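Let me begin by presenting the structure, written as structure tokens, before commenting on it.
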């Protein structure tokens with residue numbers, strides 16, 4: 001994980017620093033100010049995914065400021 005990656009305020013997905021728009025939800029509200037990193041591989045059987053309300057596999061920030 002590179003520390004300069006961005007997180008989407010809306011869906012918490014981690015995106016590359018050269019992105020202007022989140023490729024997952026279309027939001028342009030991206031930030032470098034995030035903490036915690038989780039990879040969800042099987043959202044249907046993950047308690048963390050359930051608590052985060054995640055339905056798709058991927059890389060997520062736990063806290064986005």
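In the UniProt record's numbering, the protein residues as written are 1 to 65.
For glycine and all other residues, C-beta sits at the position ideal for the given N, C-alpha and C.
Given the structure is predicted, the values throughout are model-derived calculations rather than measurements.
Asked, Found
"Which residue from 65, 30, 32 and 12 puts its Cα closest to that of residue 40?", "12"
"Taking C-alpha atoms, which residue in 24, 23 and 18 lies nearest to residue 32?", "18"
"Can you tell me which of the three DSSP states residue 49 falls into?", "helix"
"What are the residues that DSSP puts in a beta bridge with residue 58?", "40"
"Give the straight-line distance between the Cα atoms of residue 53 and residue 16, rounded to the nearest whole angstrom.", "22 Å"
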